[in-house]
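**Student:**
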Amino acid sequence: MAHKTTLHLHTSFQIAPVDPRLFGGFLEHLGRAVYDGIYDPQSHHADTDGCRTDVLDALRRLALTVIRYPGGNFASGYHWQDGIGLVEERPTVRELAWQSLEPNRFGSEEFIRLCCKMGWSPMLTVNLGAGAPEEARNWVEYCNCPGGSRYADMRLANGSDRPHAVPLWCLGNEMDGPWQIGHVPADQYAIRAQQAAKMMKDADKSIELVACGSCGVGMPTYMEWDRQVLEHIGDLADYVSLHRYVGNPTGDTADYLAVTNSIDRQIEEMDAVCRAVQAKRHSAKRAYLCFDEWNVWYRDTQGDGESKFAPHLLEETYNLEDALVVAGFLHSFVRHADVVKIANLAQIVNVIAPLLTRGDDLLIQSIFYPFEMFSQRKKGISLRCAIEGPTYAGATNGVVHKLDSSAILDGDRLHVFLTNRSLEQAAEVDIVLADRPVLSCASAEVLTGPDPKAANTFEKRDAVVAVPFDGVKAAEGRARCHLPPLSFAALTLNLA
Ligand code: AHR
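Now the structure itself:
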């Protein structure tokens with residue numbers, strides 16, 4: 022028997038416009054993400070810049086908006102000047118975050134060219150681990166200032182006459198983690214970050230900055246780090262970062278799918294710190310949230326590249342339940358559109374990614390689909406969803422509705438996103454927009470698979486793929502659909 026849920030919406034019950042930057046990605050010099058991933062001049066698919074067109078074509082479907090680069094942990098040992106100038110003259114260095122060899126063939130200019138080609142907005146992470154605040158400031162000058170001064174002139178000498186106008190910069194990465202190069206206690210990071218932020222904004226006052234928040238809910242630094250950092254940096258921080266990786270090590274699918282409770286809570290707690298510090302500082306400036314690393318990641322966690330070039334690292338295989346959890350993250354971001362302004366799927370190719378390359382072949386993993394289904398429908402205003410329907414209790418994550426949901430109003434269209442978390446039962450869902458009748462369904466897709474552990478492989482690529490969904494009916498001003506157990510659907514409805 023199907024379980025029944027009614028989703029009640031009203032066009033006046035608005036959360037906030039959805040910032041398109043919620044659909045960002047992350048490209049780190051890690052394993053085969055850059056080399057042998059997005060950039061591979063030896064590949065049959067390489068374009069004139071050495072980028073793989075098959076990878077780029079697949080990424081285009083994700084309609085990514087902002088891409089964070091060059092790390093991650095890598096950023097804390099990276100000296101940006103190693104990655105500019107004549108490629109043959111760039112140094113090969115020992116990369117310490119992932120114990121790999123870094124030839125610096127791909128650097129700032131190559132990344133910016135890639136962003137231009139893809140219509141991505143660049144987001145750079147400066148080195149506040151082994152790097153000095155002034156080095157960060159110099160990178161801003163290199164990228165964003167017109168010619169006539171030392172670092173901007175280097176850019177001109179490298180062939181870029183016009184400034185790259187990089188709008189968004191991260192003040193280091195996971196600096197509260199003992200694994201981070203240059204890790205320091207909160208008060209010391211706060212000083213470093215404030216110094217860098219001041220100089221970076223002095224170089225270009227238009228940029229926005231992301232202060233490095235505590236990197237996980239399980240960290241002893243959680244919340245207290247953020248408080249100290251935000252208090253010290255003050256109005257220089259436009260955003261504070263959140264990171265979250267989740268997994269299902271115990272094999273409890275129902276509890277795993279309930280992890281959305283904990284993601285919602287992380288967002289709300291981090292926002293609470295931002296608001297508390299704002300109040301304490303009597304400031305008009307509110308810091309918003311930048312969820313600049315998120316994904317499923319728990320299987321392939323060995324991060325030692327054994328001094329190799331482009332080693333196979335963190336090449337996670339994703340299944341149906343992981344795809345539903347990825348949908349869960351996106352539901353949560355959309356539901357918190359008033360506080361989360363930027364989010365970056367970590368990462369985009371080969372390393373904990375929706376895409377995997379093998380030689381010249383490319384595999385689309387299960388988690389690709391929910392991201393695509395959401396991202397293609399991201400324009401509009403997030404609406405509050407009132408759910409009337411059954412719940413269950415996850416063993417560790419608490420009580421959730423069997424149906425997870427979010428909704429975006431875009432003029433005369435309503436996008437509705439639905440996850441049926443039930444392992445056995447189909448879901449009968451009624452969608453009621455109280456003040457506007459639903460006329461018809463413009464488009465809909467559904468993602469499901471034979472079992473929670475089903476995954477796409479190079480040998481069987483279609484175990485978990487999105488397909489057109491013809492199970493949506495509009496009648497008497499409302500929409501109704503039947504979702505299979507363990508499925509995610511995205512609907513676009515025409516409104517009267
Ligand atoms: O995304 C992989 C790694 O996870 C990043 O380099 C780091 O910031 C995080 O711990």
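Heads up: the sequence shown begins at 22 in the numbering used here, then just goes up one per residue.
Backbone N, C-alpha and C define an ideal beta-carbon position, used for all residues, glycine too.
Note that the structure is a prediction, hence the values are computed from the model and not measured.
How would you call A218, buried or exposed, if buried means at least 16 neighbouring beta carbons within 10 angstroms?
**Tutor:** Residue 218 sits at position 197 when you count from the first residue of the sequence shown. The residue is buried, with at least 16 neighbouring Cβ atoms inside 10 Å.
**Student:** Using 10 angstroms around the beta-carbon of V420, count the other beta-carbons present and answer buried if the total reaches 16, otherwise exposed.
**Tutor:** As a first step, residue 420 must be located in the sequence shown, where it is residue number 399. Classification for V420: exposed.
**Student:** Can you tell me whether S304 is buried or exposed, with buried defined as 16 or more other CB within 10 angstroms of its CB?
**Tutor:** As a position in the sequence shown, residue 304 is number 283, starting the count at 1. That one is exposed.
**Student:** As an exercise, report each continuous beta strand (DSSP E) stretch of at least 3 residues that is fully enclosed by the stretch 77-116, in chain order.
**Tutor:** Counting only runs of 3 or more, we get 87-90, 114-116.
**Student:** I'd like the list of long-range same chain contacts for C502, defined as Cβ closer than 6 Å, with 5 residues on each side in sequence excluded.
**Tutor:** Sequence index remark: in the sequence shown, residue 502 carries index 481 (1-based). Once the five neighbours on either side are set aside, the close Cβ partners of C502 are V450, G492, V493.
**Student:** Just reading off the beta strand (DSSP E) that N316 is part of, what are its end residues?
**Tutor:** Start at 1 with the first residue of the sequence shown, and residue 316 comes out as number 295. 309-317 is the extent of the beta strand (DSSP E) around N316.
**Student:** Here's a check: name, in chain order, each residue in its chain whose Cβ is nearer than 6 Å to the Cβ of V20, leaving out the five neighbours to either side.
**Tutor:** Residue 20 lies beyond the range of the chain shown here (22 to 517); nothing can be said about it.
**Student:** What runs of the alpha helix (DSSP H), each 4 residues or longer, lie entirely inside the stretch 309-373?
**Tutor:** DSSP runs (the alpha helix (DSSP H)) wholly in the stretch 309-373: 341-356.
**Student:** From the DSSP output, in three-state form, read off K25 for me.
**Tutor:** The sequence position of residue 25 within the sequence shown is 4, counting from 1. Three-state result, K25: strand.
**Student:** Return the residue from the list E445, A407, D343, V76 that minimises the CA-CA distance to V437.
**Tutor:** Along the sequence shown, one-based indexing puts residue 437 at 416. Considering only alpha carbons, the answer is A407.
**Student:** So the candidates are P473, I452, R405; which of them puts its Cα closest to the Cα of V39?
**Tutor:** Against the sequence shown, residue 39 aligns to sequence position 18. The residue with the shortest Cα to Cα distance from V39 is R405.
**Student:** Opposite G415 in the DSSP bridges: which residues?
**Tutor:** On the sequence shown, position 394 is the one that residue 415 refers to. Bridge partners of G415: G419.
**Student:** Please report the straight-line C-alpha distance between P41 and K423, rounded to a whole angstrom.
**Tutor:** In the sequence shown, the residue the question calls residue 41 occupies position 20. In the sequence shown, the residue the question calls residue 423 occupies position 402. Cα-Cα distance, rounded: 28 Å.
**Student:** Do you know offhand how far N159's Cα is from C166's?
**Tutor:** In the sequence shown, the residue the question calls residue 159 occupies position 138. In the sequence shown, the residue the question calls residue 166 occupies position 145. Distance between the alpha carbons of N159 and C166 is about 10 Å.
**Student:** Might you give, ordered along the chain, the residues of its own chain that have their beta carbon closer than 6 Å to the beta carbon of R126, omitting 5 neighbours on each side?
**Tutor:** As a working mapping, residue 126 is identified with position 105 in the sequence shown. Counting only Cβ-Cβ distances below 6 Å, and skipping sequence neighbours, we find V108.
**Student:** Over what stretch of residues does the alpha helix (DSSP H) that includes F132 continue unbroken?
**Tutor:** As a first step, residue 132 is located in the sequence shown; it is residue number 111 there, counting from the start. Unbroken alpha helix (DSSP H) run through F132: 129-139.
**Student:** Just confirm the distance between the C-beta atoms of C191 and M144, as a whole number of angstroms; I'd bet it's less than 8 Å.
**Tutor:** Numbered from 1 along the sequence shown, position 170 holds the residue referred to as residue 191. Numbered from 1 along the sequence shown, position 123 holds the residue referred to as residue 144. So it is a contact: roughly 7 Å between Cβ atoms.
**Student:** CA-CA distance, C136 and A517?
**Tutor:** Within the sequence shown, numbered from 1, the residue matching residue 136 stands at position 115. Within the sequence shown, numbered from 1, the residue matching residue 517 stands at position 496. So the alpha carbons of these two residues sit roughly 39 Å apart.
**Student:** Throw me the rounded Cβ distance for the G239 and S97 pair, which I believe falls under 8 Å.
**Tutor:** By 1-based counting over the sequence shown, the position of residue 239 is 218. By 1-based counting over the sequence shown, the position of residue 97 is 76. That pair is no contact at about 21 Å.
**Student:** With respect to 8 Å, is the separation between the Cβ of G92 and the closest non-hydrogen atom of the ligand AHR below this value?
**Tutor:** Within the sequence shown, residue 92 is the residue found at index 71, counting from 1. Yes, Cβ of G92 sits closer than 8 Å to a heavy atom of the ligand AHR.
**Student:** Take the Cβ of R213 as the centre, count every other Cβ of all protein chains shown within 10 Å, and call the residue buried at 16 or more, exposed below.
**Tutor:** Counting from 1 along the sequence shown, the entry for residue 213 is found at position 192. With 16 or more other Cβ atoms within 10 Å, it is buried.
**Student:** Look at the alpha carbon of L341 and the alpha carbon of Y99, and state the distance between them as a whole number of angstroms.
**Tutor:** In the sequence shown, counting from the first residue as 1, residue 341 sits at position 320. In the sequence shown, counting from the first residue as 1, residue 99 sits at position 78. Approximately 36 Å between the Cα atoms of the pair.
**Student:** Report the option in C311, G349, S328 whose CA atom is closest to the CA atom of L230.
**Tutor:** Along the sequence shown, read from residue 1 onward, the residue named residue 230 stands at position 209. It is C311.
**Student:** If we call anything under 9 Å between Cβ atoms a contact, is L28 one with S464?
**Tutor:** What you label residue 28 is simply residue 7 of the sequence shown in a count that begins at 1. What you label residue 464 is simply residue 443 of the sequence shown in a count that begins at 1. No, they are not a contact pair.
**Student:** Between the Cα of A331 and those of W101, Q120, G106, spot the shortest distance and give me the residue it belongs to.
**Tutor:** Mapped onto the sequence shown, residue 331 falls at position 310. Closest option to A331, Cα to Cα, is Q120.
**Student:** Hey, I402 and Q63: beta-carbon distance below 9 Å or not?
**Tutor:** Working through the sequence shown from its first residue, we reach residue 402 at position 381. Working through the sequence shown from its first residue, we reach residue 63 at position 42. Not closer than 9 Å, so no.
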